[in-house]
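Trainee: I'd like to ask you about the structure that follows.
2 protein chains.
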Amino acid sequence: MAKIKPGKHISKKDMITLKAAALFKTKGYAATSMRALAESVGVEAPSLYNHIGGKSELLQAICFKVAHIFNTYFDTTEKTGGNSVTKLENIIRFHIRMMLENFDEVYVANHEWKQLKEPYLSHFLIQRRAYEKRFVALVETGIRTHELKAVNPQVAVLTILSAVRGLEFWQNKKKISHQILEDDMTNHLLKGILN
Amino acid sequence: MAKIKPGKHISKKDMITLKAAALFKTKGYAATSMRALAESVGVEAPSLYNHIGGKSELLQAICFKVAHIFNTYFDTTEKTGGNSVTKLENIIRFHIRMMLENFDEVYVANHEWKQLKEPYLSHFLIQRRAYEKRFVALVETGIRTHELKAVNPQVAVLTILSAVRGLEFWQNKKKISHQILEDDMTNHLLKGILN
DNA sequence: TATCAAAACTAACGATTATTAGTTTTTATA
DNA sequence: TATAAAAACTAATAATCGTTAGTTTTGATA
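Protein chains in written order, with the working numbering: chain A, 1 to 195; chain B, 1001 to 1195.
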């Protein structure tokens, strides 16, 4: 049987991880067997172990990669000048685009993190709580400067994060463009708390 | 070992189903073993089969029970008089309360339905799509009567349903009351599309 | 107390799981 | 073309899975 063919700028390990993300999304982590993953890669199951450490390592790689991407974007946004609402809008739009463009991995990070083993599970939860805290702080600043209504900032952040996460259910039957989707949802979520 | 003790108004089957919902929520359906479920019930695994048909039957019961509850509430709301915004608000509030008060079962229905076997998987998806259509129709009516902005109704419904679904991530560290949570989120989601 | 069904138990089934060991094939380099 | 490493393979491991069979215990009724 043929070897795994790495693409131009993607290692075999990364290719396996991408295939794993697609399967984890569709079937769930626990319900995805290494044999099924191997088949989707085009190889026998034991051959995977020439490239990866194990099943759980795949989930870890996916979850922490996604977490890192969101944290990095938040970093750069906070460094820019501009008011809170602009920053908030940028981050909301980034979340929406990530959901639309990196569906598999973001979905897995959002849904299958529970299957992480310790100590990775704890690390992941700490990272996520820290991210939400930054988000809440941004809303609190917006409220203090009277850009935003005096809502409960935690509820607002929960509403926003949940709404964008729900893009996993988007089925584009009516061929609505990504741009309209992004604009409409961003406006809905921002206008709901704008002063 | 002791028998399963049914409570006053709950059969053993229902008790097992409730315990299953709690485990499916925490561990996921595929990662929950019948032995683990049996332990949480206080019984050996084979004893469960005196009361239930099998593991998959438990998931089916949970998913379709939740679907039925939401459909029933939508029915009664539609029968009431009143404008679209009032109906919409009622349904949003009902979703929020269901998430807060029937967490386990609603969570499982939202997340583990993928593990349903055919033909139940298809039935569930048909039901869910039908529910979303009713929701979209309600928003469309609100737009036609100029109660709501001329947003894309599908995007608005996705935003609303996703936001309430995200209450699964709610951790009440700061002891915010359910009422404030319900009010704030409802206002956030309604004001964002109100005319 | 005797009876009988309900519901628990133990033991075991075949299937599937992730993973390891050991071997062969492929591929790149010299 | 010879060599060595990379990566595939086959075979098999122990563990765990949902579930069934057969038996014993429990609990209510007579």
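Backbone N, C-alpha and C fix where the C-beta goes; we use that ideal spot for every residue, glycine too.
All figures in this text were calculated on a predicted structure; none of them were measured in a lab.
How long is the line joining the alpha carbons of residue 28(A) and residue 178(A), rounded to whole angstroms?
Mentor: Using only the alpha carbons, I get a separation of about 26 Å.
Trainee: Figure out for me which residue from 56(A), 140(A), 142(A), 151(A) has the closest Cα to the Cα of residue 118(A).
Mentor: Of 56(A), 140(A), 142(A), 151(A), the residue nearest in Cα terms is 56(A).
Trainee: From which residue to which residue does the alpha helix (DSSP H) around residue 142(A) run?
Mentor: Residue 142(A) -> alpha helix (DSSP H) spans 120-144.
Trainee: Compare the beta carbon distance of residue 1112(B) and residue 1066(B) with 7 Å and say whether it is the shorter of the two.
Mentor: Not in contact: residue 1112(B) and residue 1066(B) (Cβ atoms no closer than 7 Å).
Trainee: State whether the stretch 156-167 of chain A contacts the stretch 1143-1162 of chain B, with contact taken as three or more CB pairs (one from each stretch) at a distance under 8 Å.
Mentor: These segments touch.
Trainee: Using CA coordinates, which residue listed in 1069(B), 1126(B), 1071(B), 1138(B) is at the minimum distance from residue 1088(B)?
Mentor: Answer by Cα proximity: 1138(B).
Trainee: Answer with yes or no whether the minimum CB distance from residue 188(A) to chain B is below 7 Å.
Mentor: Taking Cβ atoms only, chain B reaches closer than 7 Å to residue 188(A), which makes this a yes.
Trainee: When Cβ atoms are compared, which residues of the stretch 1125-1155 of chain B fall closer than 7 Å to chain A?
Mentor: So the close ones are 1151, 1152, 1154, 1155.
Trainee: For residue 1005(B), does the count of other Cβ atoms within 10 angstroms reach 16, so buried, or fall short, so exposed?
Mentor: In this predicted model, residue 1005(B) has a pLDDT of only 47, less than 50, meaning its place in the structure is not dependable; the value taken from the coordinates is given anyway. Exposed, because fewer than 16 other Cβ atoms sit within 10 Å of the Cβ of residue 1005(B).
Trainee: Can you pull the chain B residues whose beta carbon is under 7 Å from the beta carbon of residue 94(A), in chain order?
Mentor: Those do not exist, as residue 94(A) stays about 17 Å from chain B at its closest Cβ, beyond 7 Å.
Trainee: What residues match up with residue 1194(B) in a beta bridge as DSSP calls it?
Mentor: Beta-bridge pairing links residue 1194(B) to 1148(B).
Trainee: Could you round the C-beta distance between residue 85(A) and residue 147(A) to whole angstroms and report it? I think they count as a contact, below 8 Å.
Mentor: Right, their Cβ atoms sit about 5 Å apart.
Trainee: Residues in its own chain within less than 8 Å of residue 1091(B) by CB, not counting five upstream and five downstream?
Mentor: These residues qualify, in order along the chain: 1073, 1074, 1077, 1135, 1138.
Trainee: According to DSSP, is residue 85(A) helix, strand or coil?
Mentor: The answer is helix: DSSP assigns residue 85(A) an H, G or I state.
Trainee: When we look at the beta-carbon of residue 145(A) and count the other beta-carbons within 10 Å, is it buried (16 or more) or exposed?
Mentor: Flag for residue 145(A) reads exposed.
Trainee: Cβ of residue 16(A) within 7 Å of Cβ of residue 68(A)?
Mentor: In this structure, residue 68(A) does not lie closer than 7 Å to residue 16(A) by Cβ.
Trainee: Could you check whether the Cβ of residue 1193(B) sits closer than 7 Å to any Cβ belonging to chain A?
Mentor: Yes, because at least one Cβ of chain A sits closer than 7 Å to the Cβ of residue 1193(B).
Trainee: Going by CA-CA distance only, name the one from 44(A), 47(A), 63(A), 194(A) that's closest to residue 227(A).
Mentor: Outside the shown range of chain A (1 to 195) lies residue 227(A), about which nothing can therefore be said.
Trainee: Would you grab the beta carbon distance between residue 1195(B) and residue 180(A) for me? Rounded to a whole angstrom, and I think it's under 8 Å.
Mentor: Incorrect: roughly 19 Å between the Cβ atoms, too far for contact.
Trainee: Can you give the Cα-Cα distance for residue 1115(B) and residue 1030(B), rounded to whole angstroms?
Mentor: C-alpha separation (whole angstroms): 8 Å.
Trainee: Is residue 45(A) near residue 35(A), with beta carbons less than 7 Å apart?
Mentor: Yes, Cβ-Cβ distance for residue 45(A) and residue 35(A) is below 7 Å.
Trainee: Check whether the Cβ of residue 1028(B) lies closer than 7 Å to any Cβ atom in chain A.
Mentor: True, the Cβ-Cβ gap to chain A drops below 7 Å.
Trainee: Assuming residue 1094(B) contacts residue 1059(B) under a Cβ cut-off of 8 Å, what Cβ separation, rounded to an integer in Å, is found between them?
Mentor: With a Cβ gap of about 24 Å, residue 1094(B) and residue 1059(B) do not count as contacting.
Trainee: Run the CB neighbour count on residue 1054(B), radius 10 Å, all protein chains shown included, and call it buried at 16 or more, exposed below.
Mentor: By the neighbour-count rule (16 or more Cβ atoms within 10 Å), residue 1054(B) is not buried but exposed.
Trainee: Just the Cα atoms here: how many angstroms apart are residue 48(A) and residue 38(A)?
Mentor: So the two alpha carbons sit approximately 7 Å from each other.
Trainee: By a C-beta neighbour count over all protein chains shown, 10 Å radius and 16 as the cutoff for buried, is residue 196(A) buried or exposed?
Mentor: In the structure displayed, chain A extends from 1 to 195; residue 196(A) sits before or after that span and is not available.
Trainee: Check whether the Cβ atoms of residue 1099(B) and residue 1167(B) sit closer than 7 Å, and answer yes or no.
Mentor: In this structure, residue 1167(B) lies closer than 7 Å to residue 1099(B) by Cβ.
Trainee: So, is the C-beta of residue 1175(B) closer than 7 Å to a C-beta in chain A?
Mentor: No, residue 1175(B) does not count as interfacial toward chain A.
Trainee: Which of helix, strand or coil does DSSP assign to residue 116(A)?
Mentor: Residue 116(A): coil per DSSP, three-state reduction.
Trainee: Against chain A, with Cβ distances strictly below 7 Å, would residue 1099(B) count as a contact?
Mentor: Answer no: the Cβ-Cβ gap between residue 1099(B) and chain A never drops below 7 Å.
Trainee: Could you check the C-alpha separation between residue 120(A) and residue 1032(B) for me, to the nearest Å?
Mentor: Cα-Cα distance, rounded: 20 Å.
Trainee: The alpha helix (DSSP H) that contains residue 33(A), what's its start and end?
Mentor: It is not in any alpha helix (DSSP H) - residue 33(A) carries neither H nor E in the DSSP assignment.
Trainee: So the candidates are 10(A), 154(A), 130(A); which of them puts its Cα closest to the Cα of residue 1175(B)?
Mentor: Ranking the options by Cα distance to residue 1175(B), first place goes to 154(A).
Trainee: Is residue 166(A) close to chain B? Criterion is C-beta to C-beta, closer than 7 Å.
Mentor: By this cut-off, residue 166(A) is an interface position.
Trainee: Please report how far the alpha carbon of residue 1128(B) lies from the alpha carbon of residue 1070(B), in whole angstroms.
Mentor: Each residue's alpha carbon lies about 10 Å from the other.
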